[in-house]
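Whatever position you read off the sequence shown (first residue = 1), add 11 for the working numbering.
The beta carbon of each residue, even a glycine, is placed where N, CA and C say it ideally should be.
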Amino acid sequence: MATMLLLCSWMALTMAMALVAFSTQAEAARAFFVFGDSLVDNGNNNYLATTARADSPPYGIDYPTHRPTGRFSNGRNIPDFISEQIGSESTLPYLSPELNGERLLVGANFASAGIGILNDTGIQFVNKHNKNVPTTGLLRGIPAKSGCTYWRRRSKATG
Numbered sequence: 012m013a014t015m016l017l018l019c020s021w022m023a024l025t026m027a028m029a030l031v032a033f034s035t036q037a038e039a040a041r042a043f044f045v046f047g048d049s050l051v052d053n054g055n056n057n058y059l060a061t062t063a064r065a066d067s068p069p070y071g072i073d074y075p076t077h078r079p080t081g082r083f084s085n086g087r088n089i090p091d092f093i094s095e096q097i098g099s100e101s102t103l104p105y106l107s108p109e110l111n112g113e114r115l116l117v118g119a120n121f122a123s124a125g126i127g128i129l130n131d132t133g134i135q136f137v138n139k140h141n142k143n144v145p146t147t148g149l150l151r152g153i154p155a156k157s158g159c160t161y162w163r164r165r166s167k168a169t170g
């Protein structure tokens, strides 16, 4: 438990330092891509058949729309604040149909709750009640390797 607290503290400090760095380099920023887990997921799991979801109350009660967005928080998360500091809109989930063309050029969010390096990370989130959906692949969250591969493919396609 102490290790987890230390890790979370380290991540928060790193994000805070990045926020300061981005605020001083706002003019130079061109795109913002997010990779991570539920701490920075802004809705990718809304597009997956998984039980790791944040699409119902109380999630989103403090978000500007006061509705759940897929963020695992009651409002905005760290990438939202960073986007605000660099003067751009919040990044869209990379699985969102709204993410195309020009919107992809300003960034995308590849984070997914239940993500992990190991293949069996997030196995507890598999939706076993729906027999029509296979229990492999994206059901456990977006594997870290898949997010990076997809980013490379999309960035080559756009230019």
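Checklist entry - Which runs of the alpha helix (DSSP H) fall wholly inside the segment 61–137 and span at least 4 residues, in chain order? => result 89–96, 113–116
Next on the checklist: Rounding to the nearest angstrom, what Cα-Cα distance links S84 and L59 in this structure?
Outcome noted: 18 Å
Item to check | Rounded C-alpha distance that separates G47 from S107 | outcome: 17 Å
Next on the checklist: Given a cut-off of 8 Å on the beta-carbon distance, is the pair R175 and G98 in contact?
Outcome noted: A question about residue 175 goes unanswered here, because the residues of the chain that appear run from 12 up to 170.
Item to check | C-beta atoms of A119 and A63 nearer than 8 Å | outcome: no
Checklist entry - Can you check whether the CB of T80 is closer than 8 Å to the CB of F43? => result no
Checklist entry - What's the gap between the Cα of P90 and the Cα of D66? => result 18 Å
Item to check | Cross-strand partners of F43 (DSSP beta bridge) | outcome: G118
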